[in-house]
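Letter by letter, the sequence shown follows residues 35 to 411 in my numbering. In this text, a Cβ means the ideal position worked out from N, Cα and C, and glycines have one as well. What you are looking at is a predicted structure, and each value in this text was computed from that prediction instead of being measured.
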Amino acid sequence: MKPYEKSYDVNHSFQSAGYAGQTYYGAPPLKHSHYGWKTAAGFFLQGIGSSARIMATLGDLLDREENRDLTRAGRAMAFLASPVGPMLFLAALHTPSRWYNMLRIFRPTSPMSIGIWTLTKMGIFNTLSAAGALLEHLGFERLGRGVDRVFGAFSAAAGGLVSFYMGSEIEETSTPVWIGAFPFLPGLLAATGFSNGTAALSLTTSLNGGRGGSRLRLQRIGALSSLFQIVLAGLMSGKLHDSLGPSATHRRTMALVWPAVVVPAILRFAGMRFPRSSASRMEDFATLLGGAVVIGSLVLSGRRSGNIAQEYFKLTGTTQKTFEAAGRNRAIEAPRTAPGQKVNGIAGRTALGGGIALIAGMAAYFLIKGRRSSWRR
Numbered sequence: 035m036k037p038y039e040k041s042y043d044v045n046h047s048f049q050s051a052g053y054a055g056q057t058y059y060g061a062p063p064l065k066h067s068h069y070g071w072k073t074a075a076g077f078f079l080q081g082i083g084s085s086a087r088i089m090a091t092l093g094d095l096l097d098r099e100e101n102r103d104l105t106r107a108g109r110a111m112a113f114l115a116s117p118v119g120p121m122l123f124l125a126a127l128h129t130p131s132r133w134y135n136m137l138r139i140f141r142p143t144s145p146m147s148i149g150i151w152t153l154t155k156m157g158i159f160n161t162l163s164a165a166g167a168l169l170e171h172l173g174f175e176r177l178g179r180g181v182d183r184v185f186g187a188f189s190a191a192a193g194g195l196v197s198f199y200m201g202s203e204i205e206e207t208s209t210p211v212w213i214g215a216f217p218f219l220p221g222l223l224a225a226t227g228f229s230n231g232t233a234a235l236s237l238t239t240s241l242n243g244g245r246g247g248s249r250l251r252l253q254r255i256g257a258l259s260s261l262f263q264i265v266l267a268g269l270m271s272g273k274l275h276d277s278l279g280p281s282a283t284h285r286r287t288m289a290l291v292w293p294a295v296v297v298p299a300i301l302r303f304a305g306m307r308f309p310r311s312s313a314s315r316m317e318d319f320a321t322l323l324g325g326a327v328v329i330g331s332l333v334l335s336g337r338r339s340g341n342i343a344q345e346y347f348k349l350t351g352t353t354q355k356t357f358e359a360a361g362r363n364r365a366i367e368a369p370r371t372a373p374g375q376k377v378n379g380i381a382g383r384t385a386l387g388g389g390i391a392l393i394a395g396m397a398a399y400f401l402i403k404g405r406r407s408s409w410r411r
C-alpha cells in the first residue's frame, strides 16, 4: 500500500491554479474547520456581552449614580447574551453532549475546556447579579446592591477572559490562516468585541434617553477600540503574509476586514469632532455591522484555508523541492510537529494577561474621567 497518492501534475507550477495538492488517497492533508455562522454569531454575542459586563461593573464600582444607565444596559446585555451564545456553540458542536462531558473534568491544557467552563461560570454570575438587581428593586437595597456588585465583579473577570478566549481557541489549531496570525488574533477579536459592546451600549442608552456623560465615555472607549482594531488588523495582515505568502485566503479575508474596521473608525472620530445624535446612532449601527463582518470573515476563512494544501505546506515549511521529490515517487513526510502544538499554552497565557491588562486599562479610564467634576453633555 502506498503511503501517499499523487493527485497533481508535477509539470504544473507550484503556484499554478490547477495544482490540486498532495493528498492521502484523495483527502487533503488537513481536516478543515467546520465552524460556520453559528460559531461566528456566538462569538459576536459573547463579545458584546462580556465587554458590556466589564464596562457596566467598572461604571457601577466607580460612580454608581452617574453611570446608572450604563450599568443597567450592560447588565441586561450580559444577562441576555449568556444563554444565547452557549446555545449557538452547542448547536455548532454537532454533538451537544460534548459540552456536558467537558464540564465533568476541567482540563487547563484544552482551550475548549477553558472556554466552556468560563462561559458557564459567566452565565451563573450574570444570573446572580441580575437577581441582586431584582432584590434591590424590590426594596432590599443593601442586600441586593451587595449581591449585584460581588457577582458582577466575578462576571466581569470572566468576561475579560472570554474576550480573549475566542481568538485563542481558533488560534491554537492547525488551520493555516488562524495559526499563521499568531499572536494577533485574540487581540483583534477582543478589540472587536469591545468596539461592538460600546456601540451596543451607546445605542441602547441613546434610545432610552440616557445621560450624556455615559455616552461620551462610551464614544471615547469605542474610538480607542476602533484604533486598536486597525493596528491589530495591520499586524495580523503582515504576519499572515509572512506565514502564508501571497495567499488567496489572506487577500479575501483582509478585503473584508479592512473596510469593516476602517469605515466605523472614521465615522466615530468624525462623530467626536461633529457630535450629533442621529450621526451617533449611524456610527453605532456601522460599528456593529463592521464587527459582524470581521468576526464572520475570520471564522469562515478557516473553512477555506483548511482545504488549500499550498497554505498548509507553506506554513509547515514544505518547499518546491519536496513536491519534485514526490513527482519522482518519493513520499512527502508529514511535519513532525503540528503547528498548533508550538503555541500550546502560550495563547492561553496571552489571553489571561491581556484580559487583566484590558480590565486594568478600562478601570484607569473610568477612574481618571470619573474624578473630573464637569462633563460635556
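Unbroken alpha helix (DSSP H) runs of no fewer than 4 residues, entirely contained in the region 126-194, are found at 131-138 and 145-171, following chain order.
The residue from Val-211, Gly-81 and Pro-220 with its alpha-carbon nearest to that of Asn-341 is Val-211. Contact annotation: the region 188-208 touches the region 157-165, with at least three C-beta pairs closer than 8 Å. Assigned with DSSP and collapsed to three states, Ser-335 falls in helix. Here Met-89 really is in contact with Leu-235; their C-beta atoms are around 7 Å apart, less than 8 Å. In this structure Glu-175 is exposed. Its beta-carbon is surrounded by fewer than 16 other beta-carbon atoms within 10 angstroms. Shown here for Gly-119: same chain residues with a beta carbon closer than 6 Å to its own, the five before and five after excluded, namely Gly-76, Leu-79 and Gln-80 in chain order. Sequence-distant partners of Ser-331 (beyond 5 residues in either direction) whose C-beta falls short of 7 Å from its own C-beta, in its chain, are Thr-287, Leu-290 and Val-291.
Linking Trp-133 to Gly-108 through their CA atoms gives a straight-line distance of about 27 Å. Annotation for Ile-255: Thr-232 place their beta carbon closer than 6 Å to its own, counting only its chain and skipping 5 residues before and after. Only residues of its own chain outside the window of five on either side were considered, and among them Met-111, Ala-112 and Ala-115 have a CB closer than 6 Å to the CB of Gly-83, listed in chain order.
Below 8 Å, enough C-beta pairs join the region 267-281 and the region 209-228 to call them touching: three or more. Non-local C-beta neighbours of Lys-155 in its own chain, meaning closer than 8 Å and more than five positions away in sequence, comprise Phe-188 and Ala-192, ordered along the chain.
Taking 8 Å as the upper bound for CB-CB distance, Leu-269 and Phe-218 are in contact here, some 5 Å apart. Within the model, the alpha-carbon separation for Ile-329 versus Lys-72 is close to 11 Å. For Arg-310, the three-state secondary structure derived from DSSP is coil. Assigned with DSSP and collapsed to three states, Asp-318 falls in helix.
In chain order, Ser-197 and Phe-198 place their CB closer than 6 Å to the CB of Ala-224, counting only its own chain and leaving out the 5 sequence neighbours on each side. The three-state secondary structure of Phe-216, taken from DSSP, is coil. Taking a 10 Å sphere around the C-beta of Phe-308, we find fewer than 16 other C-beta atoms and assign the residue as exposed. In this structure, the CA atom of Tyr-69 is about 43 Å from the CA atom of Leu-177.
Spatial neighbours of Ile-139 in its own chain (CB-CB distance under 8 Å, excluding positions within 5 residues in sequence) are listed in chain order as Ser-147. With 16 or more other Cβ atoms inside 10 Å of its own Cβ, Lys-348 counts as buried.
Assignment of Arg-109 by DSSP, reduced to helix, strand and coil, places it in the helix class.
Within 10 angstroms of the beta-carbon of Ile-300 lie fewer than 16 other beta-carbons, which makes it exposed.
Shortest Cα-Cα distance from Val-184 to any of Val-295, Asp-94 and Val-297 involves Asp-94.
Taking a C-beta distance under 9 Å as the contact criterion, Ser-202 and Pro-145 qualify as a contact pair. DSSP places Ile-82 in the uninterrupted alpha helix (DSSP H) bounded by 71-96.
Under the criterion of beta carbons closer than 8 Å, Gly-166 and Asp-182 qualify as touching, at roughly 3 Å.
Taking 9 Å as the cut-off, the beta carbon of Thr-226 is found no closer than this to the beta carbon of Ser-271. Counting only residues of its own chain and dropping the five nearest sequence neighbours on each side, Thr-105 has a CB closer than 6 Å to the CB of Ala-90, Gly-93 and Asp-94. Less than 9 Å divides the Cβ of Ala-74 from the Cβ of Val-333. Comparing alpha-carbon positions, the option among Ala-320, Asn-230, Arg-310 and Phe-123 lying closest to Arg-87 turns out to be Asn-230.
In this structure Asn-135 is not in contact with Ser-248, their Cβ atoms being roughly 42 Å apart against a cut-off of 8 Å. Cβ contact annotation for Gly-336 (same chain, cutoff 8 Å, sequence separation greater than five): His-66, Ser-67, Tyr-69, Ile-204, Thr-207, Thr-209, Val-211 and Trp-212, in chain order.
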